[in-house]
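To keep things clear, I will list the structure first and then write my remarks on it.
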Amino acid sequence: MDQLTGFQRDLLYVIAGMDRPSGQRILDDINEYIDQPVTHGRLYPNLDTLVEHELIEKGQLDRRTNYYALTPKGKRELERRQEWVKRYVDA
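Each residue of the sequence shown is one higher than the last, beginning at 562 in our numbering.
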């Protein structure tokens, strides 16, 4: 988790809060939060990195649409991150 960018961590949180979202749905949601619009060219390479780190899985909803979901490893890493943040935010 410490090797990820802040943007990649944000993507993990977005994916964790949805049920198998498509890339477009993730893009729409993250663009509500981030000041500068995120493009497909920024989103998909970062999603691929999270897949490579085995934090999310990528599957097909249909022939044109992929979905993304947290893996058990991704869920554990998010929980560890939340515990770490809580130590400092709630102090």
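Even for Gly, the Cβ is constructed at its ideal location relative to N, Cα and C. Remember, predicted model here, so these are calculated numbers, not experimental data.
(message) Measuring only the C-alpha atoms, how far is R642 from I591?
(response) As a first step, residue 642 is located in the sequence shown; it is residue number 81 there, counting from the start. As a first step, residue 591 is located in the sequence shown; it is residue number 30 there, counting from the start. Each residue's Cα considered, the two are about 19 Å apart.
(message) With distance defined between alpha-carbon atoms, name the residue in T566, L573, L608 nearest to E638.
(response) As a position in the sequence shown, residue 638 is number 77, starting the count at 1. Selected option, being the one with the closest Cα: L573.
(request) Buried or exposed for Y628, please, with buried defined as at least 16 other CB atoms from any protein chain shown within 10 angstroms of its CB. (result) Numbered from 1 along the sequence shown, position 67 holds the residue referred to as residue 628. It counts as buried.
(request) May I have the straight-line CA-CA distance separating D563 from K636, to the nearest angstrom? (result) Translated into the one-based positions of the sequence shown, residue 563 becomes position 2. Translated into the one-based positions of the sequence shown, residue 636 becomes position 75. Within the model, the alpha-carbon separation for D563 versus K636 is close to 15 Å.
(request) Tell me whether Q597 sits in a helix, a strand or coil according to DSSP, three-state version. (result) In the sequence shown, counting from the first residue as 1, residue 597 sits at position 36. Of the three classes helix, strand and coil, the one that applies to Q597 here is coil, per DSSP.
(request) Please say whether L604 and G584 have beta carbons closer to each other than 9 Å? (result) The sequence position of residue 584 within the sequence shown is 23, counting from 1. The sequence position of residue 604 within the sequence shown is 43, counting from 1. In this structure, L604 lies closer than 9 Å to G584 by Cβ.
(request) Give the range of the beta strand (DSSP E) segment to which E618 is assigned. (result) As a first step, residue 618 must be located in the sequence shown, where it is residue number 57. That run of the beta strand (DSSP E) goes 617–621.
(message) Distance check for G578 and F568, CA to CA, integer angstroms please.
(response) As a first step, residue 568 must be located in the sequence shown, where it is residue number 7. As a first step, residue 578 must be located in the sequence shown, where it is residue number 17. One C-alpha to the other measures close to 16 Å.
(request) For L573, name the three-state secondary structure that DSSP assigns. (result) What you label residue 573 is simply residue 12 of the sequence shown in a count that begins at 1. Three-state result, L573: helix.
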